[in-house]
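This report concerns only the one structure given below.
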Amino acid sequence: MGEKDAENKECVIPAALMKDGNNNSSSSSRLTVKHTNVWPLQKVKEAVFFFREATAVAPEAISEYLTTPSCFPLQVCACYMASLPLVGKTLPEALRELLTVLPLPREGQRIERLLEYFSAAYFAANMNTKSVFAPSTYGFLSDSGTHCSGKSCKMCVATEVDRQVFPFCEDSLCFVAVVATVMLNTDQHNPHAGAKMNRKSFISQMSAAVKSSHFTTSFA
1 MGEKDAENKE CVIPAALMKD GNNNSSSSSR LTVKHTNVWP LQKVKEAVFF
51 FREATAVAPE AISEYLTTPS CFPLQVCACY MASLPLVGKT LPEALRELLT
101 VLPLPREGQR IERLLEYFSA AYFAANMNTK SVFAPSTYGF LSDSGTHCSG
151 KSCKMCVATE VDRQVFPFCE DSLCFVAVVA TVMLNTDQHN PHAGAKMNRK
201 SFISQMSAAV KSSHFTTSFA
């Protein structure tokens, strides 16, 4: 795929991923930016299909590719995350869907990239029940029907989301919870960790992060 296949148009990219490119922001919120190398949706979908169906490619290699700080891999990463069945799932269930198919990269910055795109897809899936792919959020993503050619399937059917299951009202809060949950899981399963984090300390840390004890209590 050459440069001639790319298009010059707007796309949605998390600001944190633009640190080395067009933007110096340290925020994790998404930005709509002018980018000269936005690839056609069909090519992005073909890459996602390849990675979802490939058996000869190591999952670790896929994680490394999807977190490469270049436009096409990041478009593929966003579409890949949006292809996961995340509607109506609790955060642990949604993370399980991710980690069943992809391991976290080893590098810290790549982990952040993967989790940021995952949290954005998880938030969009549960805030826009008309389409798991939330085209209003991701300008380069497809609408429902990619997996079933327009027929009903678990990934395309609109679902009413229980706010006790999905209490997030902002994508930034969702991202904080995703990272905190991964850190909690790492802490609980790390044999070299000192004092293990408990529910009370987890809620306390989340409250400090989002300034809402109600949010963290219902989430935890």
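Here full-length UniProt numbering is used: the first residue of the sequence shown is 1, the next is one more, and so on.
Here a beta-carbon is modelled for each residue, glycine too, at the ideal position from N, C-alpha and C.
Only a predicted model underlies this, so the values are computations on that prediction, with no experimental measurement involved.
If you draw a straight line from the alpha carbon of residue 122 to that of residue 85, how long is it in whole angstroms? Counting from one through the sequence shown, the residue named residue 122 turns up at place 122. Counting from one through the sequence shown, the residue named residue 85 turns up at place 85. Straight through space, the alpha carbons of residue 85 and residue 122 are spaced by roughly 9 Å.
With a CB to CB cut of under 8 Å and the five nearest residues on each side skipped, what residues in its chain are close to residue 188? The residue you call residue 188 lines up with position 188 of the sequence shown. Exclusion of the five residues before and after residue 188 leaves 196 and 197 as the residues of its chain whose Cβ lies within less than 8 Å of its Cβ.
Cβ separation of residue 178 and residue 104, assumed to be a contact under 8 Å, to the nearest whole Å: Locating residue 178 in the sequence shown gives position 178, counting from the first residue. Locating residue 104 in the sequence shown gives position 104, counting from the first residue. Going by Cβ atoms, the distance from residue 178 to residue 104 rounds to 12 Å, so no, they are not a contact pair.
Three-state secondary structure (DSSP) of residue 132: In the sequence shown, residue 132 corresponds to position 132, counting from 1. Here residue 132 scores only 35 on pLDDT, less than 50, and its place in the model is too uncertain to base an answer on.
Between residue 165 and the rest of its own chain, which residues show a CB-CB distance below 6 Å, the 5 nearest in sequence each way excluded? Looking up residue 165 in the sequence shown gives position 165. If we look at residue 165 and ignore the five residues flanking it on each side, its Cβ neighbours are 90.
Neighbourhood of residue 67 by C-beta, 6 Å cutoff - its chain only, sequence neighbours within 5 removed: Stepping through the sequence shown from its first residue, residue 67 is reached at position 67. So the list reads 105, 110, 113 and 114, once near-sequence residues are dropped.
Going by alpha carbons, who is nearest to residue 75 out of 45, 87 and 63? Along the sequence shown, read from residue 1 onward, the residue named residue 75 stands at position 75. The alpha carbon of residue 75 has as its nearest neighbour, out of 45, 87 and 63, the alpha carbon of 45.
Alpha helix (DSSP H) segment containing residue 75, residue limits: If you number the sequence shown from 1, residue 75 lands on position 75. 71–82 is the extent of the alpha helix (DSSP H) around residue 75.
The alpha helix (DSSP H) that contains residue 108, what's its start and end? Counted from its first residue, the sequence shown places residue 108 at position 108. Taken as a continuous stretch (DSSP letters only), the alpha helix (DSSP H) holding residue 108 covers 108–127.
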